[in-house]
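S.K.: Please see the structure below; I have some questions.
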Amino acid sequence: MTTDSEGKPRLSRTHLLALLRQMLRMRRFEERCVELYTQEKIRGFLHVYIGEEAVGAGAMFGLDPNDGVVATYREHGHALLNRIAMNPVMAEMYGKAAGCSLGRGGSMHLFDAEHRFYGGNAIVGGGLPLAVGLALADKLAGRQRVTACFFGDGAVAEGVFHESLNLAALWQLPVFFVCENNQYAMGTALHLAHAQTELYRKAEALGVPAERVDGMDVVAVEAASGRALASVRAGEGPRFLECETYRFRAHSMFDPQLYRDKAEVEAWQARDPIRRLSDWMSRSGALHEGELEAMDGEIGEEIDAAVAFAEQAEWESPDTLLDHVCAPVSEAPPPPPDVATEPERLSFREAFRRGLIEALTHEPRSFMMGEDIGHYGGCYAVSRGLLEQFGPERMRDTPLSENGFTGAGVGAALGGARPIVEIMTVNFSLLALDQIVNNAATLLHMSGGQFPVPLVIRMATGAGRQVAAQHSHSLENWYAHVPGLKVLAPGTLEDARHMLWAALHDPNPVVIFEHVLLYNQEGELTPCPQGVDIRQAAIRRPGQHLTLITYGGSLGKTLEAAEALAEEGIEAEVLDLRVLRPLDTEALVASVTRTQRAVIVDEGWKTGSLAAEISAILAEQALWYLDAPIARVCSAEIPIPYARHLETAALPQVEDIVGAARQVMEGAE
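The sequence shown begins at 1161 in the working numbering and counts up one residue at a time.
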């Protein structure tokens, strides 16, 4: 599209035919998908784009092949717009191995790494921070390209919308936000969900220049998109386009559409973007007689061929069921570059800090972001001085928006960076659980192995500081429950110093839990020229009478209990799990098989705990070697109290571990 001296679009016949073909191709594909759904060839949720084609066609026409696209769950049209061939899209709708996501994503999760199509997202607003992170990775790497992000009006009510747009504006990132305002978030009308129904005003309030356009007019959408994209490419920061449109069909195929009346639907159908353009082209002589019918026939043949391809394609073998949960680690990480050659005394805080310095010094793709990590120096002073050393681009202070900046970390990892995200405390991570569980942990699997997420998330955990219930959680087991994540819990200075380097070289999302009571503890750091292995548990004290199993902040108490037991003639082996997912089951079973007794020390609550999982593993794999019941020492089943004596009583203490060990030994006699 070109413009005249007044900025109005000047349209060629070739250009108009291309726009018409794209919209018609999307429409006919979606209509066939509806038919296939009724035949039970396509299952699950099916959200079709019928009625909204002008938005996708107009907004994406100006994108370059190297630009990225983040879509929503109604993304079939976006995928087909110069991104993914129809055959693999249709095969994915069927769930076949020839699909663009190997059949693992389905209708809502179409991916194509080669064409930088980062997929649909079943979580409303879930793709917004990914787009921010992708753009951030591009900006840090000096790449001149745009990330386009599509979402509906429902997403504008989500907190992550505001978090994402604020970050994009704050950091002046090259993101083109496209709101497909189809008037309904599922079945709730716009005026029932938003006090401000002019949605572009919300973007303006967040510092993102915005425009509103008739989303049923593909020419208007393309012209507005062209203006926005020109600004983004010129380095002027993000832009927002609200496209007023309408879905002619139900929200999904399960939707009975009881929330809108027939007259409203018919009024919008009278503005059908395909008929609107074709009629105008016919009147102006740009569309010749029989041309539309010929175009429709060609598209029909393409769809027939895609259906035949999907029908004939093979199902993925059940033998591959466990593929693409975690990206394979082909080799051990390189040795840490800054290893001390002599033992030295230092605190855990300094050990963690040295790990950060090493990462930022020797991995140029790495950067750190989180709340108060830069100017403040970190809530626990771990990152103090790093802003001055590495600058604000790589020590990136964020707003209080955990879901937004964690999701941006996921997006940056997708974009080739190696982000280190710090969430101040584990309780704050609950605000980011959506991005951690629904994106970081699943994108590799849903994309059929195309999109690993090499992200490191650090957070403080645990109790013992008299800060009451909300700041005293030990929720490591929640994250250890999730396939696709790797979960680490350092309990020694060596692990505190070197785990980050190993995690940074892992192609998977790694969550590192740092116990708050460790930061001030001091000890002797032993040189580790080979680094640490984040795949294996470690025996911290050998023994023969029973195994004490623990991790993280409880390791010191457990070692102290083992020394007390030794004075009574009980030699306890202390097994430091270190890696909570995947558990080193082999080391766990081997130790208990030798000692024939087990006590598990876990600061989490006993019900549904990591200790419960370990007990189940031992019951399944080592039951016949046990000479006594498994014992668990966990926190009391209450929110952690504030008062010192009550907090102490609620948490596992050395005497509790010793008492449990004695009972196990007595039960074995």
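Glycine residues also receive a C-beta, built at the ideal position from the N, C-alpha and C atoms. Computed from a predicted model, the values in this text were never measured in an experiment.
Hey, would you say Arg1173 sits closer than 8 Å to His1605, going by beta carbons?
M.R.: No. Outside cutoff.
S.K.: Gly1703: which of Asn1326, Ser1751, Val1627 and Phe1469 sits nearest, CA to CA?
M.R.: Measuring from the Cα of Gly1703, the nearest candidate turns out to be Ser1751.
S.K.: Can you name the residues that DSSP bridges to Thr1621?
M.R.: For Thr1621, which the question treats as bridged, DSSP gives the partners His1675.
S.K.: Can you tell me where the beta strand (DSSP E) with Gly1228 in it begins and where it stops?
M.R.: Element bounds for Gly1228: Gly1228 to Val1230.
S.K.: Contact defined as beta carbons within less than 8 Å: I believe Gly1397 pairs with Leu1333. What is the distance between those atoms, to the nearest angstrom?
M.R.: Right, the Cβ-Cβ distance comes to about 7 Å (below 8 Å), so this counts as a contact.
S.K.: My output table needs one value for Tyr1254: the three-state DSSP class, helix, strand or coil.
M.R.: Tyr1254 falls in the helix class under three-state DSSP.
S.K.: Tell me which residues share the same chain as Val1373 and place their Cβ nearer than 6 Å to its Cβ, disregarding the 5 neighbours each side in the sequence.
M.R.: The answer, listed in chain order, is Ala1380, Val1381, Ala1384 and Cys1403.
S.K.: In terms of DSSP beta bridges, what is Lys1646 paired with?
M.R.: Bridge partners of Lys1646: Val1670.
S.K.: With Gly1764 as the anchor, note down where its beta strand (DSSP E) starts and where it stops.
M.R.: Its beta strand (DSSP E) spans residues Ala1758 to Trp1765.
S.K.: What residue range is occupied by the uninterrupted alpha helix (DSSP H) comprising Asn1680?
M.R.: Where Asn1680 is concerned, there is no enclosing alpha helix (DSSP H), given that its DSSP letter is neither H nor E.
S.K.: Could you spell out the range, first to last residue, of the beta strand (DSSP E) harbouring Ser1526?
M.R.: Start and end: Ser1526 to Gly1530.
S.K.: Closest to Glu1562 by CA distance: which of Leu1547, Val1581 and Arg1544 is it?
M.R.: Ranking the options by Cα distance to Glu1562, first place goes to Val1581.
S.K.: What do you get for Asp1421, buried or exposed, if any count of 16 or more other CB atoms within 10 angstroms of its CB means buried?
M.R.: So Asp1421 counts as exposed.
S.K.: Does Asp1227 pass the burial test, meaning 16 or more other C-beta atoms within 10 Å, or should it be called exposed?
M.R.: Result: buried.
S.K.: Starting from Val1381, trace the alpha helix (DSSP H) both ways and give me its first and last residue.
M.R.: Val1378 to Arg1393 is the extent of the alpha helix (DSSP H) around Val1381.
S.K.: So what does DSSP say about Ala1788, is it helix, strand or coil?
M.R.: Note: Ala1788 maps to coil in three-state DSSP.
S.K.: Quick one: give me the first and last residue of the alpha helix (DSSP H) that Leu1300 is part of.
M.R.: Note, Leu1300: alpha helix (DSSP H), Leu1288 to Ala1301.
S.K.: Measure how close the beta-carbons of Gly1609 and Leu1290 come, nearest whole angstrom, since I'm counting them as under 8 Å.
M.R.: No, Gly1609 and Leu1290 are not in contact; Cβ-Cβ is about 18 Å, not under 8 Å.
S.K.: Excluding sequence positions up to five away, which residues of its chain have a Cβ less than 8 Å from the Cβ of Leu1677?
M.R.: Correct list, in chain order: Gly1622, Gly1624, Arg1625 and Gly1713.
S.K.: Checking 8 Å against the spacing of the C-beta atoms, do Ala1782 and Val1734 come in under that value?
M.R.: No, the pair does not count as a contact, with Cβ atoms beyond the cut-off.
S.K.: Would Gln1182 be called buried (16 or more neighbouring beta carbons within 10 Å of its own) or exposed?
M.R.: By the 10 Å Cβ count, Gln1182 comes out buried.
S.K.: So the candidates are Ser1634, Gly1375 and Val1613; which of them puts its Cα closest to the Cα of Phe1588?
M.R.: Nearest C-alpha to Phe1588: Ser1634.
S.K.: For a test of the three-state rule: what should DSSP assign to Arg1107, helix, strand or coil?
M.R.: The structure shown does not extend to residue 1107, since the chain is modelled only from 1161 through 1829, so no value can be given for it.
S.K.: Below 6 Å CB to CB, which residues in the same chain sit around Gly1445 once its five sequence neighbours on both sides are set aside?
M.R.: Around Gly1445: no qualifying Cβ.
S.K.: Quick check on DSSP: helix, strand or coil for Leu1333?
M.R.: If DSSP states are grouped into helix, strand and coil, Leu1333 belongs with coil.
S.K.: Roughly how many angstroms lie between the CA atoms of His1322 and Val1338, to the nearest whole one?
M.R.: C-alpha separation (whole angstroms): 14 Å.
S.K.: Along the chain, where does the alpha helix (DSSP H) containing Thr1808 start, and where does it finish?
M.R.: Where Thr1808 is concerned, the enclosing alpha helix (DSSP H) stretches over Arg1804 to Ala1810.
S.K.: Report buried or exposed for Tyr1209, applying the criterion of at least 16 other Cβ atoms within 10 angstroms of its Cβ.
M.R.: It counts as buried.
S.K.: State the Cα-Cα distance for the pair Gly1266 and Ala1219, rounded to the nearest angstrom.
M.R.: Distance between the alpha carbons of Gly1266 and Ala1219 is about 24 Å.
S.K.: Measure how close the beta-carbons of Leu1359 and Asn1341 come, nearest whole angstrom, since I'm counting them as under 8 Å.
M.R.: Yes, Leu1359 and Asn1341 are in contact; Cβ-Cβ is about 6 Å, under 8 Å.
S.K.: Give a yes or no on contact between the region 1724-1742 and the region 1643-1656, applying the rule of three or more CB pairs nearer than 8 Å.
M.R.: Taking 8 Å as the limit for Cβ pairs, the verdict is that the region 1643-1656 does touch the region 1724-1742.
S.K.: Could you have a look at Cys1794 and say whether DSSP puts it in helix, strand or coil?
M.R.: Reduced to three states, the DSSP call for Cys1794 is strand.
S.K.: Can you tell me which of Gly1819, His1269 and Pro1369 puts its alpha carbon nearest to the alpha carbon of Ala1893?
M.R.: Since the first residue of the chain shown is 1161 and the last is 1829, residue 1893 is not available in this structure.
S.K.: Do you know how far the Cα of Gly1211 is from the Cα of Gly1375?
M.R.: One C-alpha to the other measures close to 10 Å.
S.K.: Can you tell me whether Thr1718 is buried or exposed, with buried defined as 16 or more other CB within 10 angstroms of its CB?
M.R.: It is buried - the Cβ of Thr1718 has at least 16 other Cβ atoms within 10 Å.
S.K.: Since I believe Gly1644 is in contact with Thr1602 (beta carbons under 8 Å), could you give me their beta-carbon distance rounded to a whole number of angstroms?
M.R.: Yes, Thr1602 and Gly1644 are in contact; Cβ-Cβ is about 6 Å, under 8 Å.
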